[in-house]
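Each remark here refers to the structure printed beneath this line.
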Amino acid sequence: MEVQGLQMTEAKTAPGLFKRNPPIAGEAEAIERAKAGDAEAFSKLYALHKRRVYTLCLRMLGNVSEAEDMTQEAFLHLFRKIGSFRGESAFSTWLHRLTVNLVLMHLRKKGLQLVSLEETINPSEEDSPKRDFGSRDTQLAGSVDRVALERAVASLPPGYRMVFVLHDVEGFEHNEIAGMLECSTGNSKSQLHKARLKLRELLRRSESTAQAEVKEAAL
Amino acid sequence: MTLKNSSPIPLSCAEFQEQLPDLFAAGSGAIHDPQLTEHLKTCENCSALVRDLQYIADQAKQLLQPTHEPSDSVWKKIQEGLAADSSLVPEPSKN
Ligand SMILES: [Zn+2]
């Protein structure tokens, strides 16, 4: 089976991604050496990018052992294909697109429907009473830290999480995501919107739980 | 999308929120339609919603900084994979 999307056209890269993924010192040289098969250069590239690639895999998969397997796959793939990297996009953008495509292929092999995953929301959550969206005392702005957000993202249904991570974290455009997920751009936009709505709900809930705990502790 | 509508009919919250996926995709700073800006100005629910969603989208960028690190065994396996590759380098074909 041909790996879809891995014959990546670098020209397609959105200019914003280059800005978000600026080249790293020493990277260009390591890339050139890696193209010539230099083992130390591979090691350097791995050291520079392993955390981001692994974090991306972990967020998409939600599982340490699968995330490690896919990180391994991604770097092996990278080192085998590095000769085709022409430097027209940021290296990390190229690497991340490769990683995303491998992870998606892995998920498809497991038979997961990537876009209709929104249906897998835990029904009991849906039955819970709706929060009052109008209450002004629970404004999110300024109150959410990185840890809380990371936790909320991890508890999103997989289909929402995928689009949120690809768009809001990784900075891919809707048309790219649509291509990766084999859905329409409209679908990608609406999934993202639902993901953010769900996050808002989760973050508000965790805030009010935290407040309740403080109150209880005070009693 | 027919956002350019000079009719002054006020939007309902549902109608306003229906537009949000496209508005955010277009850049939420770019709300020019008078009906939408009017609703946003006058509806606290929807303005709080837009503010929160924008905030979430902005905060998400923080997550680009990696927080997790793969175990050392990953690099070992990659090296093994690369070694296997090079041992498989085909001899120049004799056909
Ligand atoms: Zn409203």
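In order, the protein sequences belong to chains A and B.
The opening residue of the first sequence carries number 0 in numbering that gives the first Met the number 0; numbering runs sequentially from there.
The opening residue of the second sequence carries number 0 in numbering that gives the first Met the number 0; numbering runs sequentially from there.
Even for Gly, the Cβ is constructed at its ideal location relative to N, Cα and C.
Roughly how many angstroms lie between the CA atoms of residue i and residue j, to the nearest whole one?
i        : j        : result
A:Lys193 : B:His38  : 21 Å
B:Gly26  : A:Ala217 : 44 Å
A:Lys214 : A:Leu101 : 47 Å
A:Gln210 : A:Lys109 : 40 Å
B:Leu81  : A:His76  : 10 Å
B:Ala47  : A:Gly178 : 32 Å
A:Ile176 : A:Thr208 : 34 Å
A:Glu169 : B:Ser11  : 34 Å
B:Ile8   : B:Gln34  : 8 Å
A:Leu55  : A:Lys34  : 24 Å
A:Val146 : A:Ala27  : 33 Å
A:Leu220 : A:Asp37  : Beyond the ends of chain A as shown, which are 0 and 218, falls residue 220 of chain A; an answer cannot be given.
A:Arg50  : A:Cys182 : 29 Å
A:Gly82  : A:Lys43  : 16 Å
B:Asp84  : A:Glu72  : 13 Å
A:Leu47  : A:Val63  : 20 Å
A:Ser88  : A:Phe171 : 13 Å
A:Leu106 : A:Asp68  : 13 Å
B:Thr133 : B:Leu63  : Residue 133 of chain B lies beyond the stretch modelled for chain B, which goes from 0 to 94, so this question has no answer here.
A:Asn174 : A:Thr98  : 18 Å
B:Gln16  : A:Leu103 : 30 Å
B:Gln18  : A:Glu206 : 28 Å
A:Gln160 : A:Gly61  : The amino acid occupying residue 160 of chain A in the given sequence is Arg; Gln does not appear at that position. The alpha-carbon atoms of A:Arg160 and A:Gly61 are separated by roughly 10 Å.
A:Lys80  : B:Glu43  : 52 Å
B:His31  : A:Asp167 : 23 Å
Please determine whether the Cβ atom of residue i lies at a distance below 6 Å from any heavy atom of ligand 1.
i        : result
A:Asn174 : no
B:Asn44  : yes
B:Phe15  : yes
B:Gln12  : A quick correction: the sequence has Cys, not Gln, at residue 12 of chain B. It does: the Cβ of B:Cys12 is within 6 Å (strictly closer) of some heavy atom of ligand 1.
Is it true that the CB of residue j sits closer than 7 Å to the CB of residue i?
i        : j        : result
A:Phe41  : A:Phe90  : no
B:Pro69  : A:Thr70  : yes
B:Asp51  : A:Arg199 : yes
A:Val164 : A:Leu191 : no
A:Lys188 : B:Ala24  : yes
A:Leu155 : A:Lys197 : yes
B:Ile55  : A:Arg150 : no
A:Tyr53  : A:Phe74  : no
A:Leu202 : A:Val152 : no
A:Leu148 : B:Gln58  : yes
Taking the continuous alpha helix (DSSP H) assigned at residue i, which residues delimit it?
i        : result
A:Gly178 : 173-180
A:Phe84  : Element bounds for A:Phe84: n/a, residue is neither H nor E.
A:Gln233 : The structure shown does not extend to residue 233 of chain A, since chain A spans only 0 to 218, so no value can be given for it.
B:Gln53  : 43-59
B:Pro20  : 19-24
A:Ile30  : 26-34
A:Pro157 : 157-163
B:His67  : That residue, B:His67, is in no alpha helix (DSSP H); it is neither H nor E in DSSP.
A:Lys43  : 38-60
A:Leu148 : 145-153
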